[in-house]
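A.B. asks: Numbering (this note's numbering), first residue to last: 39 to 709.
Backbone N, C-alpha and C define an ideal beta-carbon position, used for all residues, glycine too.
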Ligand code: MSP
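1. Pick out whichever of 613, 147, 496, 159 has its Cα sitting closest to the Cα of residue 58.
2. Tell me, which residues are paired with residue 664 by DSSP?
3. Does ligand 1 have even one heavy atom less than 7 Å from the beta-carbon of residue 72?
4. Rank 638, 666, 643, 625 by C-alpha distance to the C-alpha of residue 614 and give the top, closest one.
5. Relative to the C-alpha of residue 93, which residue among 103, 108, 74 is closest?
6. So, are the CB atoms of residue 275 and residue 300 less than 8 Å apart?
7. Out of 609, 125, 452, point me to the one whose CA is closest to residue 369's CA.
8. Taking the Cβ atom as the reference point for each residue, do residue 620 and residue 632 lie within a distance shorter than 8 Å?
9. Please list the terminal residues of the continuous beta strand (DSSP E) segment that includes residue 205.
10. Is it a yes or a no for the segment 114 to 122 touching the segment 216 to 232, going by three-plus beta-carbon pairs under 8 Å?
11. Compute the distance between the beta-carbons of residue 371 and residue 82, then report whether it is under 8 Å.
12. Going along the chain, which unbroken runs of the alpha helix (DSSP H) with 4 or more residues stay wholly within the segment 428 to 504?
13. Apart from the five residues just before and just after residue 477, which ones in its own chain have a Cβ nearer than 6 Å to its Cβ?
14. What residue does the alpha helix (DSSP H) around residue 696 start on, and which one ends it?
15. From residue 337 to residue 381, what does the alpha carbon distance come to, in whole angstroms?
16. Can you list, in chain order, the residues of its chain whose CB lies under 7 Å from that of residue 325, leaving out five sequence neighbours each side?
17. Ignoring anything shorter than 4 residues, give me the alpha helix (DSSP H) runs that lie fully in the segment 83 to 117, in order along the chain.
18. Quick one: residues in its chain with C-beta nearer than 6 Å to the C-beta of residue 149, no 5 flanking neighbours on either side, listed in chain order?
19. For a test of your reading of the model: does the CB of residue 332 fall under 7 Å from any non-hydrogen atom of ligand 1? Yes or no.
20. Looking at residue 394: is its Cβ nearer than 8 Å to the Cβ of residue 657?
21. Cα separation between residue 501 and residue 404?
22. Taking the beta carbon of residue 142 as the centre, do at least 16 other beta carbons fall within 10 Å, making it buried, or is it exposed?
23. Out of 652, 673, 474, which has the shortest C-alpha to C-alpha gap to residue 693?
24. Would you kindly report the start and end of the unbroken alpha helix (DSSP H) that includes residue 154?
25. Given this structure, state the Cα-to-Cα distance separating residue 202 from residue 293, to the nearest angstrom.
26. What are the residues that DSSP puts in a beta bridge with residue 680?
27. Roughly how many angstroms lie between the CA atoms of residue 72 and residue 304, to the nearest whole one?
28. Tell me where the alpha helix (DSSP H) around residue 509 begins and ends.
29. Leaving out the 5 sequence neighbours to the left and right, which residues in its chain are closer than 6 Å to residue 415 when beta-carbon positions are compared?
30. State the DSSP-derived secondary structure class of residue 653, mapped to helix, strand or coil.
31. Applying the criterion that 16 or more other CB atoms from any shown protein chain within 10 Å of the CB defines a buried residue, is residue 640 buried or exposed?
32. Indicate, with yes or no, if ligand 1 has a heavy atom lying under 7 Å from the CB of residue 233.
33. What whole-angstrom Cβ distance do residue 408 and residue 545 have, given they're in contact under 8 Å?
34. Helix, strand or coil, according to DSSP, for residue 192 in the structure here?
35. For residue 177, which of helix, strand or coil comes out of DSSP?
36. Secondary structure at residue 58, three-state DSSP: helix, strand or coil?
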């Protein structure tokens, strides 16, 4: 996606692909994550009126599959049919709306692969040669001596086997300089930036030619080379071309429409084939490069790297059925900052479900739809006298939309959701302040009651649209509850667009029922923890100085605050400013201004008390990255120990937390 926000009803083509998944394993958490991200992005672009083409599928050839079929005592074809169907079934359960599902065993794919191989062969891009080297059957590739670790594959930890064979090679080495320049000149071609840097790192070493065939004497399960049928095509060369073959190949109308907009989405494990082999293949075949390669991090379970052989990744995905696909989607989109690794835990999922979905969103919907009971059941909501509240809502809607657009332009789903939840927090705050249930009973406040109800109903209508890509079932139920019968469109999600219609509201309670954490047992039979563990930090001695002014951290400075005396660079350097990730936020009992934040810096977790409760709802802070002063004398504020200070800017009544505008690991130094 380019940096510019989608406009409504543009009909602009947008083509997004997921990796095609190996069918030697059943779908699990990792596959589901990528596919959910792609689905949410495509739903968002459809909502914006774009002409979306969303491709996923299965990768069915190669050693890995042949071996798995052999072990299962069945033919590769039978294994492929069964497991490819399992992926489609899983995507149906998660309501993944792909436009095409490609299998590399389909004739439409093989035809395009062979046509492109023929073109490369005719163009002298492929030669016949001999190669000997250390081979990993799991990765289906040769390793150089430097890459192997004690003679083992660094990924699979299995011994590398020396293989010598005659093969066909793609002249990839000749594209090394071109690719380096291409990545240097286009900083967002591969994103986030760390993955572009990783590729530039690979390109500092000499690039080898790529063996693109396997002799049939060793492997039959593949697409025969069109110019030598004693060989089949190397599985990566075959698989990558799915992105082209699914559109029919160059010259086909579908290809010509969507290809120029193609964006790939992958996990970091397959960066090298997508970031090195694929651009070189495209260049050699005379096909324009993808617009962006979007790379996400890895889910870990309990801190350890997970792999397909571990059953618990499948179990993790089963939580989508136990707690609902919306809760699962929300959790994975919200919890993983795009590009970074994240830890999956059922407890963390339940906490998000209870806090963000049941408490913040579910309660809001239930409160607002319940308020409508005072109006006659079938009556439409009467027009309310225009109030300032509408202006507030107009601004909040416009700001939320702009932030969501900007975040999604970089696949930053966690940020987009944080923004939407701060809108939800603001509406909940409005309900608390206005107390419409009091207005409702006071006949003199009838007009005010209608104004408040009007604002809240329009707020729900906005949520019914903007939430569609992220929690589609809940969004649909919200729209149904307020009688919004049309297809949701982002273009209608403005105050004027939403005001321009009639709402008939029926009560919607229990949109996300709370899960009782106390009674829940984990899959391993141990009782669940009821809350996040306490931060593992020792409380340092209290500081009388800061006790005296509990609001010191963020008391707004007047806009024209006098300049302070100069400091030397050494004085400034005494401050230890760090990036910190907010793990949790909760009100400090009996304080209107203070929030207790649990933040992570590197390996360390600490508690910080900040005077921001009037500006931020706790839910809007969880998962956010902030900047803190890490070496401030500890203090105790309203009985809660605080070990640092959160930085914020302020102008008049507006207070804004400082957040790095790129992903930085918690603990990163700010200077
Ligand atoms: N068949 C190749 C891809 C060919 S694309 C032309 C392949 N398949 S795979 O089944 O192993 O899927 C890998 C992808 O699954 C990753 O790139 C990622 O999208 C997803 N994930 C698998 N495990 C994962 C995690 N633990 N965490 C996040 N996503 C991961 O490689």
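C.D. replies: The short version:
1. Position 20 of the chain shown, counted from the start, is the residue given in the question as residue 58. Residue 147 is the option with its Cα nearest to residue 58.
2. By 1-based counting over the chain shown, the position of residue 664 is 626. Among the bridge pairs identified by DSSP, residue 664 is matched with 618.
3. Residue mapping note: residue 72 aligns to position 34 of the chain shown, counting from 1. Yes, ligand 1 has a heavy atom inside 7 Å of this Cβ.
4. Here residue 614 corresponds to residue number 576 of the chain shown, with the count starting at 1. Closest by alpha carbon: 666.
5. Position 55 of the chain shown, counted from the start, is the residue given in the question as residue 93. For residue 93, the nearest C-alpha among the options comes from 74.
6. As a first step, residue 275 must be located in the chain shown, where it is residue number 237. As a first step, residue 300 must be located in the chain shown, where it is residue number 262. Cβ atoms of residue 275 and residue 300: not closer than 8 Å.
7. Residue mapping note: residue 369 aligns to position 331 of the chain shown, counting from 1. Nearest option by C-alpha distance: 452.
8. Translated into the one-based positions of the chain shown, residue 620 becomes position 582. Translated into the one-based positions of the chain shown, residue 632 becomes position 594. Cβ atoms of residue 620 and residue 632: not closer than 8 Å.
9. Residue numbering aside, residue 205 sits at position 167 when the chain shown is read from its first letter. Residue 205 -> beta strand (DSSP E) spans 199 to 208.
10. With a cut-off of 8 Å, the segment 216 to 232 and the segment 114 to 122 do not count as touching, because too few Cβ pairs lie within range.
11. Residue 371 sits at position 333 when you count from the first residue of the chain shown. Residue 82 sits at position 44 when you count from the first residue of the chain shown. In this structure, residue 82 does not lie closer than 8 Å to residue 371 by Cβ.
12. 451 to 472, 474 to 477, 484 to 504
13. Your numbering for residue 477 matches position 439 in the chain shown. Once the five neighbours on either side are set aside, the close Cβ partners of residue 477 are 483, 486, 487.
14. On the chain shown, residue 696 is found 658 positions in, with the first residue counted as 1. Unbroken run through residue 696: none, as it is neither H nor E.
15. For the purposes of this step, residue 337 is taken as the residue at position 299 of the chain shown. For the purposes of this step, residue 381 is taken as the residue at position 343 of the chain shown. Cα-Cα distance, rounded: 6 Å.
16. Taking the chain shown and counting its residues from 1, the one referred to as residue 325 is at position 287. Close CB contacts of residue 325 within its chain, under the 7 Å cut and outside five residues either way in sequence, are with 282, 288 (chain order).
17. Listed in chain order, they are 101 to 110.
18. Reading the chain shown from its first residue, position 111 is the one you call residue 149. Nothing listed; no residue qualifies.
19. Translated into the one-based positions of the chain shown, residue 332 becomes position 294. Outside the cutoff, so no.
20. The residue given as residue 394 occupies position 356 in the chain shown. The residue given as residue 657 occupies position 619 in the chain shown. Taking 8 Å as the Cβ cut-off, residue 394 and residue 657 qualify as a contacting pair.
21. Position 463 of the chain shown, counting from 1, holds the residue named residue 501. Position 366 of the chain shown, counting from 1, holds the residue named residue 404. Those two C-alpha atoms are separated by around 13 Å.
22. Here residue 142 refers to the residue found at position 104 when the chain shown is read from its first residue. When all chains shown are included, residue 142 counts as buried.
23. Stepping through the chain shown from its first residue, residue 693 is reached at position 655. Minimum Cα distance to residue 693 is reached at 652.
24. One-based indexing of the chain shown puts residue 154 at position 116. 145 to 160 is the extent of the alpha helix (DSSP H) around residue 154.
25. For the purposes of this step, residue 202 is identified with residue 164 of the chain shown, where counting begins at 1. For the purposes of this step, residue 293 is identified with residue 255 of the chain shown, where counting begins at 1. One C-alpha to the other measures close to 39 Å.
26. For the purposes of this step, residue 680 is taken as residue 642 along the chain shown, with counting starting at 1. 673, per the DSSP bridge assignment.
27. The residue you call residue 72 lines up with position 34 of the chain shown. The residue you call residue 304 lines up with position 266 of the chain shown. Cα to Cα, the separation comes out at about 7 Å.
28. Locating residue 509 in the chain shown gives position 471, counting from the first residue. Per DSSP, residue 509 belongs to no alpha helix (DSSP H) and is neither H nor E.
29. Your numbering for residue 415 matches position 377 in the chain shown. In this prediction, residue 415 scores a pLDDT of 46, lower than 50, which makes its location untrustworthy; no coordinate-derived value is stated.
30. As a working note, residue 653 is residue 615 in the chain shown. Coil.
31. In the chain shown, residue 640 corresponds to position 602, counting from 1. Flag for residue 640 reads exposed.
32. Within the chain shown, residue 233 is the residue found at index 195, counting from 1. The answer is no for residue 233.
33. As a first step, residue 408 is located in the chain shown; it is residue number 370 there, counting from the start. As a first step, residue 545 is located in the chain shown; it is residue number 507 there, counting from the start. With 8 Å as the limit, residue 408 and residue 545 qualify as a contact, their Cβ atoms being about 5 Å apart.
34. Walking along the chain shown from the start, residue 192 turns up at place 154. Residue 192 falls in the coil class under three-state DSSP.
35. Walking along the chain shown from the start, residue 177 turns up at place 139. Three-state DSSP puts residue 177 in coil, outside helix and strand.
36. Within the chain shown, numbered from 1, the residue matching residue 58 stands at position 20. DSSP places residue 58 in the strand class (E or B) of the three-state scheme.
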